[in-house]
Amino acid sequence: MIVDTQFVQFESLELDCGATLAPVDVAYETWGELNHERSNAILILHAFSGDAHAAGINREGKPGWWDSMIGPGKAFDTNRYFVICSNVLGGCRGTTGPSSINPATGRPYGRQFPVITISDMVRLQKKLVDYLGIRRLLSVAGGSMGGMQALEWAVAYPDAVASAIPIAATARHSAQQIAFNEVGRQAIMADPDWNDGDYYGKRPPARGLAVARMIGHITYMSDESMREKFGRRLRGKEQFGFDFSVDFEVESYLRYRGSQFVERFDANSYLYITKAMDYFDITNGFGSLAAAMERTKARFLVISFTSDWLYPSYQSLEIVNALRSRNRDVAFCELQSNYGHDAFLVEVGEQTEIIRGFLANTFEKVRG
Amino acid sequence: MKSAREPVRRGFVHAVLGRSDYAIIGEWVEPGSRVLDLGCGEGELLQWLAANKGVDARGIEIVPAKVQRAIARGVSVYQGDIDQGLADYPDQAFDYVILSQTLQETRNPLKVLREILRVGAHAIVAFPNFGHWRVRLAHLFTGRAPKTKLFPHDWYDSPNIHFLTVLDFELLCRREGWVMERRIFLAGTRKIVFLPNLFAETAVFLIRK
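See below:
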């Protein structure tokens, strides 16, 4: 089944920084059918470098980034549910971001684009959900930055979500998470081609962006998964080159991933979205995590992975324990995996089993 | 794997769950109440209580594979340890807290029981009776840590680290000032009335502060 990305334009969006963006485009895809009561809608929230194309095959023949989890008979079963995914604000895959045209100048925003937050992203998603005529989502679900958005949804719009599934996520970015993001940003900004963000129509800061992505990939894997995948194997040679060409498999992999990323991602989007993640702290304005969680009315399914050192289980447990301290309905499971942070994309079997059961039970409760 | 949507058969709990302590718990729990099951395994009891008594069902379980299966059944289970896991719940968050066949496996049973009565209005505690005559005889005649049908493990691989008898539990309740609201003693599926500390294999107590 071929899916097409759809677009909708909203007049304006107020941002946390005080600025207003106008107009704002949103790219989104949907799968399955909205039922008569409009009670079976699930919003999937993508991670840092994801996009609206979460499932199915697009016209370029590319499967969605979570196609193993979304589809007929899958964890997010499109025979039963209406599933939506949109590209985030600040992105570069159809939703307004720094590479979009600034109507005031007729040129891409670049650094003129206002600094955005996770709650800005969610506020825009709420406009999309309203536009689709959905009052209350059956679930909001996502991994990593998608999980942060799921939390934000549950706190910002408690009456609009029946359940939330934050996977490999956190209630606030830690010093270590901010640090890795900052190294990525510095790699981009140190590339002379970045040119203070004004590179559209010229040579993009491909080297800086590739280095940023290489660092990212290291943090998404685990020591064990890297040992299994690459070990110390050499790439296409029997002996060391004694030069600085590619010796090891792992070097080749990172370079490949880095250069591939440049093809599909905008360096300024990298800066803005990582900043939004670093600013994220769900306790802002509440004083404590428990106070923030008290606002929620959704049921929660929180999932973490044993080998994920970028978003470690203790961060998921913080969320879970805050919810329990306010007697909220929460299920929590730490899944065994060697894949590190990537596990949320890779570990399909166990996630499918628990998400399917959780959603079915939530759907039953919603229908009464 | 049973999906959460598949209706659970109504009827006597025992027929569904095959455990006589569950049968009694199923009878005692009031419809529509808030229930926390500690060491809930794959969530069979909670699923039954939710489907048949409309309870708000929560559980704690430490074995990840069991947690996954319980969540897959649609039960809200938290993967964690009973000895520490109760601390985050507010006072009187539940109407019933169930501790079935787990008390003897906890590291700090008294602390756990006090925590249970902090977070729950009532506690339902079921445990195997170490005072059963077979246990006493096994100990007397073999001179070894008793091994019986009820306590089948060797001492070195037993999950049971705190053994107690019916009498022990009742003495503790008196000492702590806990009210024993109901108690039922079982041998297999048979109710024991006469000399429970000698003849009961399993004891089920409903207590409150």
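Line by line, the protein sequences are chains B and Y. All the letters of the first sequence, read from the start, carry residue numbers 1 to 368 under the numbering used here. All the letters of the second sequence, read from the start, carry residue numbers 369 to 577 under the numbering used here. Think of the CB as a built atom: it goes at the ideal place given N, C-alpha and C, for glycine as much as any other residue.
Determine whether the Cβ of residue i lies closer than 8 Å to any Cβ atom of chain Y.
i, result
"G106/B", "no"
"G357/B", "yes"
"F332/B", "yes"
"D329/B", "yes"
"Q186/B", "no"
"S325/B", "yes"
"L151/B", "no"
"N268/B", "no"
"A206/B", "no"
"L301/B", "yes"
"Q336/B", "yes"
Taking the C-alpha atoms as reference points, what is the distance between residue i and residue j?
i, j, result
"Q177/B", "R233/B", "29 Å"
"R38/B", "L359/B", "15 Å"
"H413/B", "I167/B", "Only positions 1 to 368 of chain B appear in the structure, and residue 413/B is not among them; the question remains open."
"M189/B", "S49/B", "18 Å"
"D51/B", "P23/B", "20 Å"
"E60/B", "T30/B", "17 Å"
"Q125/B", "S86/B", "7 Å"
"S252/B", "G184/B", "19 Å"
"R378/Y", "S401/Y", "Residue placement at R378/Y cannot be trusted, given a pLDDT of 40 that sits under 50; what the coordinates show is reported in the next sentence. About 18 Å."
"S526/Y", "V480/Y", "20 Å"
"K365/B", "I2/B", "33 Å"
"F380/Y", "E294/B", "For F380/Y, the predicted model reports a pLDDT of 46, less than 50, meaning its position is unreliable; a value from the coordinates is still stated below. For F380/Y and E294/B, the distance between alpha carbons rounds to 38 Å."
"S582/Y", "V572/Y", "Lying before the first or after the last residue shown, residue 582/Y is absent from chain Y, which here runs from 369 to 577."
"G453/Y", "L301/B", "17 Å"
"T5/B", "L471/Y", "56 Å"
"I165/B", "F242/B", "49 Å"
"E412/Y", "L406/Y", "12 Å"
"A55/B", "P72/B", "11 Å"
"P204/B", "A212/B", "14 Å"
"M226/B", "G146/B", "24 Å"
Provide the residue span of the beta strand (DSSP E) that contains residue i, from first to last.
i, result
"C85/B", "F82 to S86"
"F7/B", "Q6 to F10"
"D405/Y", "R402 to L406"
"W31/B", "V24 to W31"
"R263/B", "Residue identity differs from the one stated: residue 263/B is Glu in this sequence, not Arg. That residue, E263/B, is in no beta strand (DSSP E); its alpha helix (DSSP H) goes E249 to R264."
"M548/Y", "V547 to A555"
"R203/B", "No beta strand (DSSP E) contains R203/B, which DSSP labels as neither H nor E."
"R299/B", "R299 to F305"
"S139/B", "S139 to G143"
Cβ of residue i less than 8 Å from any chain B Cβ?
i, result
"V435/Y", "yes"
"P564/Y", "no"
"R486/Y", "no"
"Q447/Y", "yes"
"A491/Y", "no"
"I439/Y", "yes"
"V376/Y", "Because the pLDDT of V376/Y is 37, which lies under 50, any placement of that residue in the model is unreliable, and the question is left without a value."
"I575/Y", "no"
"A461/Y", "yes"
"Y457/Y", "yes"
"G409/Y", "no"
"P399/Y", "no"
"S388/Y", "no"
"G442/Y", "yes"
"P477/Y", "no"
"P432/Y", "yes"
"G379/Y", "Because G379/Y carries a pLDDT of 43, less than 50, the predicted location of this residue cannot be relied on, and the following value inherits that uncertainty. Chain B, which has no Cβ nearer than 8 Å to the Cβ of G379/Y, makes this no."
Can you tell me whether residue i is buried or exposed, with buried defined as 16 or more other CB within 10 angstroms of its CB?
i, result
"V310/Y", "Summary: the structure shown does not reach residue 310/Y, with chain Y confined to residues 369 through 577, and so no result is reported for it."
"Q315/B", "buried"
"H521/Y", "exposed"
"R93/B", "buried"
"D247/B", "buried"
"D196/B", "exposed"
Contact defined as beta carbons within less than 8 Å: I believe residue i pairs with residue j. What is the distance between those atoms, to the nearest angstrom?
i, j, result
"E549/Y", "D463/Y", "The pair is not a contact, with the Cβ atoms about 13 Å apart (cut-off 8 Å)."
"S119/B", "D16/B", "6 Å"
"D193/B", "Y200/B", "In fact, because the Cβ distance is near 12 Å, the residues do not count as touching under 8 Å."
"L566/Y", "W501/Y", "5 Å"
"Q415/Y", "P432/Y", "That pair is no contact at about 19 Å."
Just curious, the alpha helix (DSSP H) that residue i is in, first and last residue?
i, result
"L485/Y", "P477 to V487"
"Y447/Y", "Just to set this straight, residue 447/Y is Gln in the shown sequence, not Tyr. That residue, Q447/Y, is in no alpha helix (DSSP H); its beta strand (DSSP E) goes S444 to Q447."
"G394/Y", "S388 to W396"
"T426/B", "Only positions 1 to 368 of chain B appear in this structure, which leaves residue 426/B out of reach."
"Y464/Y", "Careful: Y464/Y lies outside any alpha helix (DSSP H), inside the beta strand (DSSP E) at F462 to S468."
"F363/B", "V348 to R367"
"F180/B", "A175 to M189"
"T219/B", "A206 to Y220"
"P98/B", "Run containing P98/B: none; DSSP gives neither H nor E here."
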